[in-house]
Amino acid sequence: MERIKSIKYNGVCIEVPTERPVFCRSLLVVHMTNGKEGDNKHTPYFDKLMGYKEDEIPQGELLSDVRRLYSISNLNYQVNNSGFAQYYFNGYHEFMSGYDIGDLNNVDISCQMIFLQKLIDFMMYFDFFDAYLNELFDAVHWLEKMYLNILQHKAGGCYGELPDCDSFNKAWFMVRSQVEFGMELYAQYLIKRLEADKHETED
120 MERIKSIKYN GVCIEVPTER PVFCRSLLVV HMTNGKEGDN KHTPYFDKLM GYKEDEIPQG
180 ELLSDVRRLY SISNLNYQVN NSGFAQYYFN GYHEFMSGYD IGDLNNVDIS CQMIFLQKLI
240 DFMMYFDFFD AYLNELFDAV HWLEKMYLNI LQHKAGGCYG ELPDCDSFNK AWFMVRSQVE
300 FGMELYAQYL IKRLEADKHE TED
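So, in structure tokens, the structure goes:
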């Protein structure tokens, strides 16, 4: 039987395994199966979160976090698929309204940088991420570097290759499974916040 412990974050109990599992679920599957019936307690929290429409989520920090988590999932999928260059040239570094899943907005890379740091701060509550903190902060550093490279690339008329893509990819691949698991835990936090807000509204 899987061992579970609870950790309280901002008043919400997050249930986590005492040993970090291998996060092997492809986010492409989430994209393909979103909206299908059969949701149950075994469905990952991220999948459940992506079932919400934007107008079903309260305005403010909660909606902002859902958008940003969704946007980080896009970054993760694009980079894991074919690297940062694909993420950039497919336009996932820019704001896109009502894109892809449901009608959630995809935020730009500046918001993604801020949220990735917030996600890592959240992950620091769980001791099984301790061994990866240097690598996680390195990924944040390289995302900030790529943001500056994009600005310079656009200023130059978008000619030539985007610099440092290989270096970013290497840093990201070092922590992608940890980031994915952190995303699932944060999705659990957001789902429980949404459920609590719903109960308060009904009462």
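Okay, so the sequence shown: first residue is 120 according to my numbering, each after it adds one.
The C-beta atom is built at its ideal place from N, Cα and C for all residues, glycine as well.
> Between which two residues does the beta strand (DSSP E) carrying Glu128 extend?
Replying inline: Here residue 128 refers to the residue found at position 9 when the sequence shown is read from its first residue. Here residue 128 turns out to be Tyr, not Glu, going by the sequence shown. Here the beta strand (DSSP E) through Tyr128 covers Ile123 to Tyr128.
> If you compare alpha carbons, which of Gly170, Phe165 and Asp227 is closest to Ile269?
Replying inline: Stepping through the sequence shown from its first residue, residue 269 is reached at position 150. Ranking the options by Cα distance to Ile269, first place goes to Asp227.
> Below 8 Å between beta carbons: does that hold for Ile191 and Val185?
Replying inline: The residue given as residue 191 occupies position 72 in the sequence shown. The residue given as residue 185 occupies position 66 in the sequence shown. No. Outside cutoff.
> DSSP state of Val135, grouped into three classes?
Replying inline: Here residue 135 refers to the residue found at position 16 of the sequence shown. Three-state DSSP puts Val135 in a strand.
> Under a three-way DSSP split, which group does Met243 fall into?
Replying inline: Within the sequence shown, numbered from 1, the residue matching residue 243 stands at position 124. The answer is coil: DSSP assigns Met243 none of H, G, I, E or B.
>> Tell me which residues share the same chain as Gln307 and place their Cβ nearer than 8 Å to its Cβ, disregarding the 5 neighbours each side in the sequence.
In response: As a working note, residue 307 is residue 188 in the sequence shown. Answer for Gln307: Ile133, Glu134 and Tyr164, listed in chain order.
> Considering only residues of the same chain and omitting the five flanking positions on each side of Tyr189, which have a CB-CB separation below 6 Å?
Replying inline: Residue mapping note: residue 189 aligns to position 70 of the sequence shown, counting from 1. Once the five neighbours on either side are set aside, the close Cβ partners of Tyr189 are Leu223.
>> Using a Cβ-Cβ cutoff of less than 6 Å, which residues in the same chain neighbour His272 once the five nearest sequence positions on both sides are dropped?
In response: In the sequence shown, the residue the question calls residue 272 occupies position 153. Excluding the 5 residues flanking it on each side, His272 has same chain C-beta neighbours closer than 6 Å at Leu281, in chain order.
> Out of curiosity, what's the CA-to-CA distance linking Ile310 and Phe203?
Replying inline: Start at 1 with the first residue of the sequence shown, and residue 310 comes out as number 191. Start at 1 with the first residue of the sequence shown, and residue 203 comes out as number 84. Ile310 and Phe203: Cα-Cα distance of roughly 29 Å.
>> Less than 6 Å between C-beta atoms, sequence neighbours within five positions excluded: which residues of the same chain meet that for His150?
In response: The residue given as residue 150 occupies position 31 in the sequence shown. With a pLDDT of only 44 at His150, under 50, the local geometry of the prediction cannot be trusted, and the value read off the model is given with reservation. If we look at His150 and ignore the five residues flanking it on each side, it has no Cβ neighbours.
> Near Cys143, which residues of its chain fall below 7 Å by C-beta distance, leaving aside the five closest residues on each side in sequence?
Replying inline: For the purposes of this step, residue 143 is identified with residue 24 of the sequence shown, where counting begins at 1. Since pLDDT at Cys143 reaches only 45, below the 50 mark, its modelled position is unreliable, and no value is offered.
>> Please classify Gln178 as buried or exposed, where buried requires at least 16 neighbouring CB atoms within 10 angstroms.
In response: Taking the sequence shown and counting its residues from 1, the one referred to as residue 178 is at position 59. Label assigned to Gln178: exposed.
>> Tell me the DSSP secondary structure of Met215 in three-state form.
In response: Taking the first residue of the sequence shown as position 1, residue 215 is located at position 96. Met215 falls in the strand class under three-state DSSP.
> Is it a yes or a no for the segment 292-304 touching the segment 240-257, going by three-plus beta-carbon pairs under 8 Å?
Replying inline: yes
> Could you give the distance in angstroms between the alpha-carbon of Tyr206 and the alpha-carbon of Ile123?
Replying inline: Your numbering for residue 206 matches position 87 in the sequence shown. Your numbering for residue 123 matches position 4 in the sequence shown. For Tyr206 and Ile123, the gap between their C-alpha atoms comes out near 35 Å.
> How long is the line joining the alpha carbons of Leu182 and Lys289, rounded to whole angstroms?
Replying inline: As a working note, residue 182 is residue 63 in the sequence shown. As a working note, residue 289 is residue 170 in the sequence shown. Those two C-alpha atoms are separated by around 31 Å.
>> According to DSSP, simplified to helix, strand and coil, what is Asn224?
In response: Within the sequence shown, residue 224 is the residue found at index 105, counting from 1. Three-state result, Asn224: coil.
> Run through DSSP, which three-state label would Gly179 get?
Replying inline: Indexing the sequence shown from 1 puts residue 179 at position 60. Coil, per DSSP.
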